[in-house]
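Residue numbers (the numbering used here): 22 to 521. These notes concern the structure reproduced below.
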């Protein structure tokens, strides 16, 4: 009996080996064009942030004028970071963004720690938060008569269903995922256009009636601004949450058509477009609500709609659902490529880098990220978790862009298809150091230590499994069974880092 099972296992292994050879050149297809790239950036960035963050920024800055400046500075910071990443992305033609860049510049240990932190916590948490907001608006719009506990349960069920639907779409077809991103990006831009048009009608009415711009007037906008320099670090975190995903196109650079042209061009279109809408929407909010009213609102966009749209106010929660669903789709599309890239480098189980033999999607990576995101729905509140890990996020951003400066010094004559002005990475690195240090100095909490210890705990796995390449005996049979179950095959590993 044992001999028979062993023979069958050997036969399966030989068949899998044949499949590996026959699919040796299988890889992710270049199906992300310029429009899809812009939609990925815009659609991922515009999620819940513009509907939630204005309150947090105003609370920390304590004035309308300073809150608007924070929004503008966040846009500039995101742009300097994205342009720096564009240079790296045109040099290192690999998916995975920071993982690929840290690995090639600083070595496998920082790359593994990054993939450990992002795969297990950061990206699944973001997908969970955005999906939970989708579920919240669905339940509050359609099932507001349920009691509190039932509402919470229904919110999580709808959030889990939305994650499952997004996972299916992304596993089934890259083209489907791109189409969803384009459609929902158009829907959320329409929602922002509605808010901007209404807000500016109110602004011009105020100008015509009184000759003033209310809370936006230059002589009153900065009254009461916070004098605490380090408190602005928290305000930046709130604003940068709305700009999160500025680096998403770098996660899918292997799938980008003509990346040398389209990566910097999509960034140059997408981020300024988002920044323009964010500033105009904030202006619109302050034409309808006072700072005190905005601070007391739990859902700024909904309060705005109730004040201006009357019986049609329900359309804004619908558009918020579109916005968060599209953002979750973009986040999964991009972040699902991180375990894929880490698996190719041996920093996660190799099966993570396998793609579907017919659909050409990294379905194992996508399913893993989605499963963790669904499990994170169980506890409840993720905002605190994200705040505590934000300093780690910006540490990795800082390490990545510092690597760009290091390569400028190490490889001064290297042909760079896209070269960002040196002032951009310098500004970004200085700002990143501030964002890592300021919240800890302003409010040193034990949770920051817990987050740091979690990150360092990755070293427990790094040394045996990555550095010394220990592989458990069951891993080969596990990989084989996953291959057979999901019809996935290995992809060819890219050996060259630097663009020729």
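Heads up, the beta-carbon is just placed ideally off N, CA and C, and yes, glycines get one too.
Residues that DSSP places opposite residue i in a beta bridge
| i | result |
| --- | --- |
| residue 277 | 53 |
| residue 509 | 377 |
Cβ-based burial, residue i [other Cβ within 10 Å; buried from 16]
| i | result |
| --- | --- |
| residue 395 | buried |
| residue 277 | buried |
| residue 484 | exposed |
| residue 231 | exposed |
| residue 95 | buried |
| residue 311 | exposed |
| residue 68 | buried |
| residue 511 | buried |
| residue 103 | buried |
| residue 432 | exposed |
| residue 323 | buried |
| residue 174 | exposed |
| residue 179 | buried |
| residue 374 | buried |
| residue 125 | buried |
| residue 303 | buried |
| residue 352 | buried |
| residue 397 | buried |
| residue 357 | buried |
| residue 192 | buried |
| residue 31 | In this prediction, residue 31 scores a pLDDT of 43, lower than 50, which makes its location untrustworthy; the coordinate-derived value is nonetheless stated afterwards. Per the 10 Å Cβ criterion, exposed. |
| residue 492 | exposed |
Of the listed residues the options, nearest to residue i (C-alpha basis)
| i | options | result |
| --- | --- | --- |
| residue 488 | 368, 434, 474 | 368 |
| residue 343 | 186, 242, 204, 429 | 204 |
| residue 144 | 494, 449, 243, 389 | 389 |
| residue 391 | 146, 123, 92 | 146 |
| residue 221 | 260, 267, 246, 300 | 300 |
| residue 376 | 435, 244, 355, 507 | 507 |
| residue 65 | 102, 50, 148 | 148 |
| residue 268 | 331, 327, 354, 443 | 354 |
| residue 239 | 295, 59, 90, 63 | 90 |
| residue 473 | 442, 382, 135, 264 | 135 |
| residue 282 | 159, 438, 132, 496 | 438 |
| residue 381 | 366, 361, 399, 400 | 361 |
| residue 307 | 289, 329, 286 | 329 |
| residue 54 | 447, 73, 270, 440 | 270 |
| residue 309 | 326, 284, 298, 317 | 326 |
| residue 212 | 337, 263, 351 | 337 |
| residue 447 | 106, 92, 435 | 106 |
| residue 315 | 352, 260, 78, 490 | 78 |
| residue 399 | 177, 331, 99, 339 | 177 |
| residue 73 | 186, 254, 334, 260 | 260 |
| residue 490 | 129, 52, 265 | 129 |
| residue 340 | 288, 286, 52, 209 | 209 |
| residue 359 | 132, 335, 75, 101 | 132 |
| residue 460 | 254, 111, 272, 320 | 254 |
| residue 98 | 495, 288, 370 | 288 |
| residue 111 | 286, 331, 470, 319 | 286 |
| residue 122 | 335, 383, 387, 272 | 272 |
Closer than 7 angstroms to chain C by CB, residue i
| i | result |
| --- | --- |
| residue 296 | No chain C appears in this structure, which consists of one protein chain only. |
Close Cβ partners of residue i (< 6 angstroms) along its chain, the five nearest in sequence each way excluded
| i | result |
| --- | --- |
| residue 280 | 274 |
| residue 305 | 216, 217, 220 |
| residue 258 | 411 |
| residue 415 | 453, 456, 457 |
| residue 199 | 57 |
| residue 70 | 262, 263 |
| residue 266 | 65, 66 |
Same chain, Cβ closer than 8 angstroms to residue i, neighbours up to 5 away in sequence not counted
| i | result |
| --- | --- |
| residue 43 | Low confidence applies to residue 43: its pLDDT is 44, below 50, so where it sits in the model is not reliable, and the reading given next is rough at best. So the list is empty, once near-sequence residues are dropped. |
| residue 183 | 152, 155, 156, 346, 349 |
| residue 372 | 364, 385, 499, 500, 503, 504, 509 |
| residue 39 | Note that residue 39 scores 47 on pLDDT, short of 50, meaning its location in the model is unreliable; the coordinates nonetheless yield the value given after this. Same-chain partners within the cutoff: there are none. |
| residue 246 | 82, 83, 84, 86, 87 |
| residue 138 | 410, 413, 417, 475, 476, 479 |
| residue 450 | 419, 422, 423, 426 |
| residue 127 | 420, 424 |
Close Cβ partners of residue i (< 7 angstroms) along its chain, the five nearest in sequence each way excluded
| i | result |
| --- | --- |
| residue 197 | 190 |
| residue 291 | 59, 62, 63 |
| residue 252 | 81, 463 |
| residue 526 | With the chain covering 22 to 521 only, the question about residue 526 has no answer from this structure. |
| residue 51 | 276, 277, 278 |
Any non-hydrogen atom of the ligand ATP closer than 6 angstroms to residue i Cβ
| i | result |
| --- | --- |
| residue 262 | The model depicted lacks the ligand ATP and carries no ligand whatsoever. |
**Prompt:** Which ranges does the alpha helix (DSSP H) cover as unbroken runs of at least 4 residues, wholly within the stretch 264 to 349, from first to last along the chain?
**Reply:** Along the stretch 264 to 349, the alpha helix (DSSP H) occurs as fully enclosed runs of 4 or more residues at 269 to 272, 280 to 309, 312 to 317, 321 to 329, listed in sequence order.
*Start-end ranges of the alpha helix (DSSP H) lying completely within the stretch 416 to 490, minimum 4 residues*: If we require 4 residues or more, the alpha helix (DSSP H) runs fully inside the stretch 416 to 490 come out as 444 to 463, 467 to 482.
Unbroken alpha helix (DSSP H) runs of length 4 or more, entirely within the stretch 55 to 141: which are they?
Qualifying alpha helix (DSSP H) stretches, in chain order: 55 to 66, 70 to 82, 85 to 112, 119 to 126, 129 to 138.
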